[in-house]
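What follows is one structure encoded as structure tokens, with my remarks underneath.
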Amino acid sequence: MIAVLIASMVLASTASVQHVVSVASTTSAPQVVAISPTEGAIPANTLRLYVTFDRPARGMVATRDLRLVDAEGRTVDGAFMDFGQDLWSPDGRRLTVLFDPGRVKQDVEGDGDSAAPLRPGLSYTVEVGRKHFHYRVTPALRTPVNPQTWGLALPNAGSREALKITFDREMDAALLRDQLGIVDDQGGFQSGRVTVSASGRAWCWRPNHGWLPGAYRLVVGSSLEDVSGNRVGEALDHDVGKPDALSQGSVLLFKVGPRVVRQDAGAC
Numbered sequence: 003m004i005a006v007l008i009a010s011m012v013l014a015s016t017a018s019v020q021h022v023v024s025v026a027s028t029t030s031a032p033q034v035v036a037i038s039p040t041e042g043a044i045p046a047n048t049l050r051l052y053v054t055f056d057r058p059a060r061g062m063v064a065t066r067d068l069r070l071v072d073a074e075g076r077t078v079d080g081a082f083m084d085f086g087q088d089l090w091s092p093d094g095r096r097l098t099v100l101f102d103p104g105r106v107k108q109d110v111e112g113d114g115d116s117a118a119p120l121r122p123g124l125s126y127t128v129e130v131g132r133k134h135f136h137y138r139v140t141p142a143l144r145t146p147v148n149p150q151t152w153g154l155a156l157p158n159a160g161s162r163e164a165l166k167i168t169f170d171r172e173m174d175a176a177l178l179r180d181q182l183g184i185v186d187d188q189g190g191f192q193s194g195r196v197t198v199s200a201s202g203r204a205w206c207w208r209p210n211h212g213w214l215p216g217a218y219r220l221v222v223g224s225s226l227e228d229v230s231g232n233r234v235g236e237a238l239d240h241d242v243g244k245p246d247a248l249s250q251g252s253v254l255l256f257k258v259g260p261r262v263v264r265q266d267a268g269a270c
């Protein structure tokens, strides 16, 4: 009888330990799965970073947990804006982090807290927990977005091939998903699936149904920005007294015709 009681206690204890281990594994720290802009070259006046986690991280990760470190291993103090309330996506997986816009303005000089956080020609690392993302800084980008410079790889009528747009600069990846749309010649918005390249330099749109031959419009929303906050017809940081054209979005016309040989435009 005693042996049976001891065995029961051991089984209960084992089950309890297994439960604790299970709970611990499901509450482990969220992991970074992507950052935008991606590692590589970024303009000195880059405005924001998007950090994406493998699970909801709201309440477990904050802007203050990020560090900007220079090539000498020194932390750049005050590089990121701290609003006291972090900017999370509705699902709690994507954290938006803003560089201090007052420090990326044109002709801002100084040292310490007044200096621009990113200096052209230098390299930096963004640290998020154990993840490190490396960047080299290029000159600031201070020209408006111009859709007339974009490249279009057109699909074939009757297919479900993607329309691919390539940009002359790295665009804000989050805004690309809701600031571009396709309209047919009757003015009807088309439904489809959007894919954005990791580099932010390409946007692909694949229709839910096959392309019908005819004329279409790519509608560009007025809130679309590149990584430096420049919009269509409006640079973020233009000279006073030299206004840009008003940012009212834009439209690009294209036609989908009979099936032709299509050059491989690559994937988003």
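What the sequence shown shows, in our numbering, is residues 3 to 270, in sequence order.
Built from N, CA and C at the ideal position, the CB exists for glycine as well.
The model shown is predicted, which means the values in this text are computed figures rather than measured ones.
- Distance from residue 202 to residue 38 at the Cβ level is roughly 6 Å; contact confirmed, criterion being Cβ atoms closer than 8 Å.
- By the neighbour-count criterion, in which 16 or more other beta carbons inside 10 Å mark a residue as buried, residue 164 falls on the buried side.
- Residue 49 is positioned such that its CB atom lies closer than 9 Å to that of residue 230.
- Taking C-beta separations shorter than 6 Å and ignoring five residues to either side along the sequence, the partners of residue 200 in its chain run 40, following chain order.
- Among the bridge pairs identified by DSSP, residue 209 is matched with 194.
- Judged by DSSP secondary structure, residue 175 falls within the alpha helix (DSSP H) whose first and last residues are 175-178.
- At a Cβ-Cβ threshold of 9 Å, residue 228 and residue 169 count as neighbours.
- Taking each of 31, 103, 76 and 171 in turn and checking the Cα distance to residue 63, the smallest one comes out for 31.
- Closest by C-alpha distance to residue 259, out of 232, 215 and 222, is 215.
- Residue nearest to residue 73 within the set 47, 270 and 139 is 139 (criterion: CA-CA distance).
- The beta carbon of residue 197 is closer than 7 Å to those of 206 and 270 in its chain, skipping five residues each way along the sequence.
- Taking every protein chain shown into account, the CB of residue 85 has fewer than 16 other CB atoms within 10 angstroms, so this residue is exposed.
- In the same chain as residue 99, and ignoring 5 residues on each side of it, the C-beta atoms closer than 7 Å to its own belong to 50, 51, 53, 65, 68 and 82, in chain order.
- Here residue 168 carries a strand assignment [DSSP, helix/strand/coil].
- In the DSSP assignment, residue 41 forms no beta bridge with any residue.
- Rounded to the nearest whole angstrom, the CA to CA distance from residue 236 to residue 70 is 29 Å.
- Put simply, the backbone Cα of residue 55 is about 11 Å away from that of residue 130.
- Just so you know, the alpha carbons of residue 94 and residue 179 end up roughly 18 Å apart.
- Nearest C-alpha to residue 217 among 253, 232, 121 and 127: 253.
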